[in-house]
Amino acid sequence: NEDQTPVVETIENEDGQVQEIPIYQVYLMGLSGTGKCSLIRQFKTTEYRGIYEYSSSVEDDPDNTVSIMLDGEESRMHIMNIDVDLVKCSDEGDAYVIVYSITDRQSFQIASNLAKNIRERDKDTDKHIPIILVGNKSDLVRKRVVSKEAARQTAFKYDCKLVETSAAINDKVDDLLAGTLKQIRINEYNHER
Ligand code: GDP
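In UniProt numbering, each residue carries its 1-based index in the sequence shown increased by 529.
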């Protein structure tokens, strides 16, 4: 099945060996103001940063591609920040990262709807694409209006991973990045079998 083959970048390392690095498409979604740009900025400073410099084989948006070394294997994630419009994403995403702010109930409602819509679309395409639900701004403890329990219930309902992050103080952002890649790899492995 052609559309399950990941895009790869072929690289020659110092020993002259040719290596293929997969490039995954990650949709970063959520209401404007929830912290998506701030998360991308933190992704670029990740401690999981890969070895190879980005080269030119993917033309668009090189800035939004992060290279990650996880479990001894390098991968790239091309992060697309597309706010709340699911129609804008074709079903090419390898994962959906849906961000809400724990200080904004509306953003949580929108995140829940996005997860619901993705799962409905999964039924049509016969896929089960990983969704990571992200409660950002976890540093704003006293302004919290979305409880962790409510988020857990939504995550359970739509089979999402859940993580609460703070892009501001860089808390759990690395976990989010590595966790997303893990989910993509697990999903890919399940498809191959
Ligand atoms: P986007 O519209 O979803 O891309 O959101 P931005 O990344 O532009 O962030 C919107 C606002 O929220 C900015 O003023 C950020 O500084 C702030 N912000 C983003 N993440 C956090 C966070 O984790 N904690 C706090 N306190 N503020 C944040």
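Note that beta-carbon positions come from the ideal geometry of N, C-alpha and C, so glycine has one too.
- No Cβ-Cβ contact shorter than 9 Å links residue 674 with residue 639.
- Each residue's CA atom was taken as its position, placing residue 546 and residue 538 some 14 Å apart.
- Look at residue 552: its beta carbon is at least 8 Å from all of the heavy atoms in ligand 1.
- Approximately 5 Å separates the beta-carbon atoms of residue 668 and residue 698; this is inside 8 Å, confirming the contact.
- In the structure shown, residue 654 adopts helical secondary structure according to DSSP, grouped into three states.
- With fewer than 16 neighbouring CB atoms inside 10 Å of its own CB, residue 646 falls in the exposed class.
- DSSP places residue 562 in the coil class of the three-state scheme, outside both helix and strand.
- With respect to the C-alpha of residue 706, the residue from 659, 681, 720 having the closest C-alpha is 659.
- Contact between the region 569 to 584 and the region 594 to 613 is present, with at least three C-beta pairs closer than 8 Å.
- A buried status is given to residue 565, since no fewer than 16 other beta-carbon atoms sit within 10 Å of its beta-carbon.
- Assignment of residue 664 by DSSP, reduced to helix, strand and coil, places it in the strand class.
- Residue 639 has no beta-bridge partner at all, per DSSP.
- Collapsing the DSSP output to three states places residue 610 in a strand.
- For residue 624, the enclosing beta strand (DSSP E) has its first and last residue at 624 to 630.
- A straight line joining the alpha-carbon of residue 663 with that of residue 540 spans about 33 Å.
- With a cut-off of 8 Å on Cβ pairs, the region 704 to 719 is not in contact with the region 670 to 684, counting fewer than three such pairs.
- Here DSSP, grouped into helix, strand and coil, assigns residue 549 to strand.
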